[in-house]
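The structure appears right after this line, and notes come after that.
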Amino acid sequence: MKKKNLISLTIAFAFLILGTTGILLWLKQKAHPIEMAHTIFGLMFVGFAIFHIVNNWDSITGYSKSKKTGSFQKEFIFASILALVILVGALTEVLEPVAEFGRIFAKGGRPKNFGINFEEKITNDKIAGKDIFLLVQKNQEDAFSKIAVSIQDTTGKLIDQIVELNPKAEGPQANLFINSKTKAKAPYDLVVELSNPKESSSKKFRINSDQSGVYRLSTDSSLKIKQILFEIK
């Protein structure tokens, strides 16, 4: 049995299975067996690829550098730039629309109305302070923006983080019902931030009273928010 042949064939089969499970994950078929197979064969692919690189190191360096001048080959430079651009695009979520496009092929297709989806969050429930409630509803066309809410004093110093941005969240993001607590005493600023792969925006709302009641906070075009309700209980 030839070691080179065994390694090459194992890598080929691992790549085939990785490609298949990768497409299924792109189509949002995230069943646990699919995710598990993708992870296991990914590890196998990396392990055997290391042996493959070691066995073919001379050939790889030949592709990378010119034997005559010692300079990097154009192909190596182009491949490196392409890989770097894709990596940066993925890490900064610029390529999120590409990653999420497969959702339209999933069962039920793309959700037709993102604007009416709400997620309830309970935060800061263990701190001493007054109970507050927030409703944050985005504009319907801004479905992919993530929401963060904090409370600052009038100098901009953080008092309480009500909701943090979730960097791992994928796809359309729900509007929020938030039950929380704050140590703040009026006057203070309620800060709402929206963030998506293309842009980020934030707005401060001055709260001048500690009196119990529901306040509809005024929004404008600087923040793609349909409505914000703030209740002091």
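Throughout the sequence shown, residue numbering follows full-length UniProt numbering, covering 1 to 233 in sequence.
Glycine is no exception: its CB is placed at the ideal position from the N, C-alpha and C atoms.
Note that the structure is a prediction, hence the values are computed from the model and not measured.
Are at least three pairs of beta-carbons, each pair with one atom in the stretch 213-224 and one in the stretch 118-125, less than 8 Å apart? no
Out of curiosity, what's the CA-to-CA distance linking GLU201 and ALA148? Just to set this straight, residue 201 is Ser in the shown sequence, not Glu. Taking the straight line joining both Cα atoms gives about 10 Å.
Reducing DSSP to helix, strand and coil, say where residue 292 ends up. An answer regarding residue 292 cannot be provided, because it is not within the stretch 1 to 233 covered by the chain.
Would you say ALA14 and PHE48 are within 8 Å of each other, going by their C-beta atoms? yes
Which one or two residues does DSSP pair with GLN29 in a beta bridge? Note: GLN29 sits in no beta bridge, so no partner.
To the nearest angstrom, how far is the alpha carbon of SER150 from that of GLY89? 28 Å
Identify the continuous alpha helix (DSSP H) that holds THR92 and give its terminal residues. Unbroken run through THR92: none, as it is neither H nor E.
In the DSSP assignment, find the beta strand (DSSP E) that holds ASP160 and state where it starts and stops. 158-163
Who are ILE232's beta bridge partners in DSSP? ILE132, GLY213
Given a cut-off of 8 Å, decide if GLU119 and GLY171 are closer than it, judged by their beta-carbon atoms. no
In three-state terms, what does DSSP make of LYS74? helix
GLU96 vs PHE133 beta-carbon contact at 8 Å: no
In or out: LYS67 buried (at least 16 other Cβ within 10 Å) or exposed? exposed
Taking 7 Å as the cut-off, is the C-beta of LYS157 nearer than that to any heavy atom in the ligand FMN? As far as ligands go, the structure on display features none, and thus does not contain the ligand FMN.
From which residue to which residue does the beta strand (DSSP E) around ASP189 run? 188-195
Do three or more CB pairs link the stretch 150-160 to the stretch 182-198 at distances below 8 Å? yes
Using a Cβ-Cβ cut-off of 8 Å (strictly less than) and excluding sequence neighbours within five positions of MET1, which residues of its own chain qualify? none
If you reduce the DSSP assignment to three classes, tell me which class GLN173 lands in. coil
Give the DSSP-derived three-state secondary structure of PHE51 in the structure shown. helix
Taking the alpha-carbon positions, what's the HIS32 to ILE40 distance? 12 Å
Rounding to the nearest angstrom, what Cα-Cα distance links TYR188 and PHE205 in this structure? 8 Å
Is it buried or exposed for ASN5, if we count other Cβ within 10 angstroms and need 16 for buried? exposed
For a test of the three-state rule: what should DSSP assign to ILE11, helix, strand or coil? helix
Cβ of LYS146 within 8 Å of Cβ of LEU165? yes
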